[in-house]
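According to our numbering, the sequence shown is numbered sequentially starting from 2.
Note sheet for the following structure.
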Amino acid sequence: MLAVLLVATSSFYAPPVSRVPQRATSPQAIGGFFGGGNDFKLFPSDVQFFDADGDDVVIRPMTSNKVDLFVNKKPVLSGATLKANGNMLEVTGKVKKGFGGIILPGFALEEMVTEGITPKDPADFASAMALVE
2 MLAVLLVATS SFYAPPVSRV PQRATSPQAI GGFFGGGNDF KLFPSDVQFF DADGDDVVIR
62 PMTSNKVDLF VNKKPVLSGA TLKANGNMLE VTGKVKKGFG GIILPGFALE EMVTEGITPK
122 DPADFASAMA LVE
């Protein structure tokens, strides 16, 4: 009975909205026919590179030495910290997860996650670290 009530009430709430910051500068659309469309916007302050696995990585600077991380044009972490570990970038932030497949407004489990990224080009490593120095 409780599960039916949860499903019934959760259908009346709006889905969560992505919180992507608005920038004053004009973004450049990336993507294309095979790239999933032009819904992802690349800003002039973003650092974009390919990692050792061949993934398209974008690190977007935020305020207070925080960054947003996008992998293959999909948001992975928002408001995360960035630090160097050898030649690898470590991006650490919180991920919100639903409970049992149901996302209730005002309730989500949070988990601290660290993503390790090794840029192919050492110049990309330096550009990314310049965002938080």
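C-beta atoms are modelled at their ideal positions from N, C-alpha and C, and glycine is treated no differently.
Subject >> Identity of the residue in Lys74, Lys95 and Asn86 nearest Asp47 by Cα >> reply: As a first step, residue 47 is located in the sequence shown; it is residue number 46 there, counting from the start. The option with the nearest alpha carbon to Asp47 is Lys74.
Subject >> Start and end residues, alpha helix (DSSP H) containing Ser46 >> reply: Here residue 46 corresponds to residue number 45 of the sequence shown, with the count starting at 1. According to the DSSP assignment, Ser46 belongs to no alpha helix (DSSP H), since it is labelled neither H nor E.
Original post:
In three-state terms, what does DSSP make of Asp125?
Top reply: In the sequence shown, residue 125 corresponds to position 124, counting from 1. When secondary structure is reduced to three states using DSSP, Asp125 falls in the helix class.
Subject >> Distance between Asn66 and Leu132 (C-alpha atoms, nearest Å) >> reply: Residue mapping note: residue 132 aligns to position 131 of the sequence shown, counting from 1. Residue mapping note: residue 66 aligns to position 65 of the sequence shown, counting from 1. Distance between Leu132 and Asn66, taken at the CA atoms: about 8 Å.
Original post:
So is Leu70 buried or exposed if we call it buried at 16+ other beta carbons inside 10 Å?
Top reply: Locating residue 70 in the sequence shown gives position 69, counting from the first residue. Burial call: buried.
**OP:** Out of Thr82, Ser128 and Ala124, state which residue places its alpha-carbon closest to the alpha-carbon of Met63.
**Re:** Position 62 of the sequence shown holds residue 63. Among Thr82, Ser128 and Ala124, the Cα nearest to that of Met63 is on Thr82.
Original post:
If you draw a straight line from the alpha carbon of Phe41 to that of Pro76, how long is it in whole angstroms?
Top reply: Here residue 41 corresponds to residue number 40 of the sequence shown, with the count starting at 1. Here residue 76 corresponds to residue number 75 of the sequence shown, with the count starting at 1. Computed Cα separation, rounded: 10 Å.
Original post:
Which same chain residues, not among the five before or five after Met130, have their C-beta less than 8 Å away from its C-beta?
Top reply: Within the sequence shown, the letter at position 129 stands for residue 130. Closer than 8 Å at the Cβ level, and outside the excluded window around Met130, lie Leu83, Ala85 and Leu90.
Original post:
Which two residues bound the contiguous beta strand (DSSP E) that contains Asn86?
Top reply: Along the sequence shown, read from residue 1 onward, the residue named residue 86 stands at position 85. Lys75 to Asn86 is the span of the beta strand (DSSP E), which, as asked, contains Asn86.
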